[in-house]
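If you read the protein sequences in the order shown, they are chains V and S. The opening position of the first sequence corresponds to residue 1 in the working numbering, with each subsequent residue numbered one higher. The opening position of the second sequence corresponds to residue 1001 in the working numbering, with each subsequent residue numbered one higher. Glycine included, C-beta positions come from ideal geometry on N, C-alpha and C. Bear in mind that the values here come from a model prediction, so they are computed numbers and not experimental data.
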Amino acid sequence: MENLKAKSFALRQDVVRMIKAGKAGHIGGDMSVMDVLVSLYFHEMNISPENMDDPERDKFVMSKGHCVEALYAVLAAKGFFPIEQVIEEYSQFGSQFIGHPNNKLPGIEMNSGSLGHGLPVCVGMALAEKMNKSQARVYTVMGDGELAEGSVWEGAMAASHYKLDNLCAVVDRNRLQISGSTEDVMHHDDLAARFAGFGWNVISVDGNDVDALNAAFDVAKTVKGKPSVVIANTTKGCGSPVMENKAPWHHKVPSEEEYSQIMSDLEERKEAALHE
Amino acid sequence: MNKIPNRQAICDVLMEHAKEDKDIIVLCSDSRGSASMTPFADTYPEQFVETGIAEQNLVSISAGLAKCGKKPYAASPACFLSTRSYEQAKIDCAYSNTNVKLIGISGGISYGALGMSHHSAQDIAAMSAIPNMRVYLPSDRFQTRCLIEALLKDEKPAYIRVGRNPVEDIYEEGHVPFEMNKATVLCEGTDAAIIACGEMVKPSYDAAKLLKEEGISVTVLDMYCVKPLDKEAVIKAASNAKVVVTAEEHSPFGGLGSMVSQVVSENCPKKVVNLALPDSPVITGTSKQVFDHYGLNAQGIADTVKKLLGR
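In structure tokens, the structure reads:
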């Protein structure tokens, strides 16, 4: 079986290369969310380049669209496009690989970028799958700063009203946003209680532990009559002490020196995961 | 006088098709009554989605449904649909290119005395400025029916605005000269061209009749397709006329008048006057009282044409 923990660090290296070459990107969130995406794409979801025309495929919307670099790395690893093409073209003039998800690219269902859209869109998708009597499941990943958007809670309300147990949302709870701590900007400490109050099944896990995430998604699938949210408690910048838990790394482009250190730290984490 | 509002015509068409086409879904935001969609909700409950008073959610859910093969029609007051959920229309419908039809009901100043919160005098400007969003303002119930029939056949997003009250028939049932994205020429003349959309088409047509009695010949275009604007029809009508007048139930900025002025100034420059609502909250009253107050009626339109012609 593939070592997904090691894969997660290898894909982080792809992201860092991408951001260094494109001189742009939301590196901190890319690092925090990577394990969630790896778990979803390589353990949980039935999504591949071969089944994108199959209505029964699972559906995914990257609601925290600014972390598209992590999604590009994962989609490339799934075979949707070559990673070298992404690294070469990302953020360049005329490129299809822009700084937020765009469904002109294979593997991307919906365009995002403005926050608070993913969950309500997924409510529509999950409703449609119920109407179509499809077994497909619907997933979205939101940031924790994103939860200040009111539209998230409109979606949360409707998801439980319509008992959408085929819908699973993930919150990348890295506790930092562009201005600083989420708890200083707009607090979300009672997040589990909020979702529970809206009628959701809530699962809290270590969001940088692929095994824990895999287990959480397995449990979410068994819960009937209500949607599930996985609160993935993560570290922003996860993988290198250069970036970890440092707000300026929300969208910082590493210098040559930082780049070398980050790549070396990620290599070390990857090797450690391989020998765990 | 016709008693069937355009919104009811929309419900009728959708109900006819929903029987066979189970992918047709109507969504309302606690607006099924005002949207005339109660019969649809009662007859096809499994094809009806209620979102509660949450217009952003209404539009995003519609986009998600469309992405999974459904044909959603989201019906909500135009005032809220066009501004409260503007970003959802922009990103989830237009940018993501989902097959969502946004039905703005009680558009313009239909809600009369309820005030500016309930008026949608900026929806044409707002929706038209979004790439990949089409904007339609049908005039009467028969044209509305043709439009919805046409929209059922395509898979792209669109915004359709209809008023709250019944409007007098312009066309005859079963004999509507309708071609998708082409303006309907109601009459042709060489003195002036009047280009109108939505509820302003009927008074424009009546104005042409008044002017005819005074020996002034006028072209009237029913420009229900505000975007994509039928430029060819505008150029033809304007080229054959001495002056152009536009009439719309909208702010003076960014609506049909602005678009027609752009086309005329670029292709066949001549004087264009835009009749529209003022750039302020409108005076309190029924639609008719408000239209009369601002000269948005047959006499007002005719007077504008005469003044322009120096008659």
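Using a threshold of 8 Å, state whether the C-beta atoms of residue i and residue j are closer than that.
| i | j | result |
| --- | --- | --- |
| VAL141/V | LYS64/V | yes |
| PRO227/V | LEU167/V | yes |
| ASP9/V | ARG175/V | According to the sequence provided, residue 9/V is Phe. The question's Asp does not apply to it. Their beta carbons are not under 8 Å apart, which means PHE9/V does not touch ARG175/V by this criterion. |
| ALA1276/S | GLY1257/S | yes |
| ASP265/V | PRO241/V | yes |
| ILE1160/S | ASP1191/S | no |
| ALA128/V | GLY1069/S | yes |
| VAL229/V | LYS23/V | no |
| PHE1040/S | VAL1059/S | no |
| LYS246/V | GLY239/V | no |
| ALA1158/S | ARG1141/S | no |
| LYS78/V | PRO49/V | yes |
| PRO120/V | SER112/V | no |
| ARG173/V | GLY118/V | no |
| SER181/V | ILE1091/S | no |
| ALA1207/S | ALA1302/S | yes |
| ALA1066/S | ILE1103/S | no |
| ALA232/V | VAL171/V | yes |
| LEU4/V | VAL36/V | no |
Would you decide whether residue i is buried or exposed? Buried here means 16 or more other CB atoms lie within 10 Å of its CB.
| i | result |
| --- | --- |
| THR234/V | buried |
| GLN1088/S | buried |
| LYS996/S | The requested residue 996/S is not part of the displayed model; chain S covers only 1001 to 1311. |
| ALA1094/S | buried |
| ALA1193/S | buried |
| LYS133/V | exposed |
| ASN51/V | exposed |
| ARG137/V | buried |
| SER260/V | exposed |
| GLU44/V | buried |
| GLU276/V | exposed |
| GLY150/V | exposed |
| ASP190/V | exposed |
| SER1287/S | buried |
| ARG1311/S | exposed |
| MET186/V | exposed |
| ALA1129/S | exposed |
| PRO1005/S | buried |
| MET34/V | buried |
| ASN1297/S | buried |
| ILE1283/S | exposed |
| ASN1002/S | exposed |
| PHE198/V | buried |
Can you find the residues in the same chain that come closer than 8 Å, C-beta to C-beta, to residue i, ignoring five residues on each side of it along the sequence?
| i | result |
| --- | --- |
| ALA1233/S | LYS1182, ALA1183, VAL1185, LEU1221, MET1223 |
Determine the chain V residues that contact residue i at a beta-carbon separation under 8 Å, and present them in chain order.
| i | result |
| --- | --- |
| ILE1091/S | ASN111, SER112, GLY113, SER114, HIS117 |
| GLN1088/S | HIS117, PRO120, SER151 |
Along chain S, in chain order, which residues have C-beta atoms closer than 9 Å to that of residue i?
| i | result |
| --- | --- |
| LEU127/V | ILE1025, VAL1049, ILE1061, GLY1064, LEU1065, CYS1068, LYS1070 |
| PRO55/V | CYS1068, GLY1069 |
Identify the contact partners of residue i in chain S, using a Cβ-Cβ distance below 8 Å as the criterion.
| i | result |
| --- | --- |
| VAL123/V | ASN1057, SER1060, ILE1061, GLY1064 |
| ASN132/V | CYS1068, GLY1069 |
Check each candidate in the options and name the one with the smallest Cα separation from residue i.
| i | options | result |
| --- | --- | --- |
| PRO1177/S | ARG1145/S, HIS1118/S, ARG1164/S | ARG1145/S |
| GLU1248/S | LYS1202/S, ILE1053/S, GLU1155/S | LYS1202/S |
| HIS250/V | ASP30/V, GLU56/V, LYS20/V, TYR139/V | ASP30/V |
| SER1120/S | SER1280/S, TYR1294/S, ALA1302/S, LEU1296/S | SER1280/S |
| GLY225/V | LEU37/V, VAL171/V, ALA126/V, ILE27/V | ALA126/V |
| ALA1126/S | ARG1084/S, SER1261/S, ILE1024/S | ARG1084/S |
| SER1036/S | ASN1057/S, LYS1019/S, VAL1013/S, ALA1054/S | VAL1013/S |
| PHE1080/S | VAL1260/S, GLN1143/S, ALA1066/S, ILE1105/S | ILE1105/S |
| VAL1243/S | CYS1268/S, LYS1003/S, GLU1213/S | CYS1268/S |
| VAL1100/S | LEU1211/S, LYS1153/S, GLY1255/S | LYS1153/S |
| TYR1073/S | GLU1155/S, SER1110/S, ILE1109/S, PRO1131/S | GLU1155/S |
Kindly list the residues whose CB is nearer than 6 Å to the CB of residue i, restricted to its own chain and excluding five residues on each side of it in sequence; keep chain order.
| i | result |
| --- | --- |
| THR1038/S | ARG1032 |
| VAL1263/S | LYS1231, VAL1234 |
| VAL1245/S | ILE1194, VAL1273, THR1304, VAL1305 |
| PHE195/V | VAL202, VAL229 |
| GLY1189/S | SER1217, VAL1218, THR1219 |
| HIS26/V | HIS66, CYS67, HIS251 |
| ALA21/V | ILE87 |
Kindly list, in the order they appear in chain S, the residues whose Cβ is closer than 7 Å to that of residue i.
| i | result |
| --- | --- |
| GLU154/V | ALA1054, GLN1056, ASN1057 |
| ALA282/V | There is no way to answer for residue 282/V, as the model of chain V reaches only from 1 to 276. |
Can you list the residues of chain V that residue i reaches, using a CB-CB cut of under 7 Å?
| i | result |
| --- | --- |
| SER995/S | No answer is possible for residue 995/S: the residues shown for chain S start at 1001 and end at 1311. |
Quick one: what's got a C-beta closer than 7 Å to residue i's C-beta in the same chain, skipping five residues either side?
| i | result |
| --- | --- |
| VAL219/V | ILE203 |
| MET1015/S | PRO1039, PHE1040, THR1043 |
| ILE1061/S | LEU1027, VAL1049, THR1051 |
| SER1110/S | GLY1163, ARG1164, ASN1165, SER1287 |
Under the criterion of a Cβ to heavy atom distance below 7 Å, does residue i qualify as lining the ligand FAD?
| i | result |
| --- | --- |
| LEU1151/S | This structure lacks the ligand FAD; in fact it carries no ligand of any kind. |
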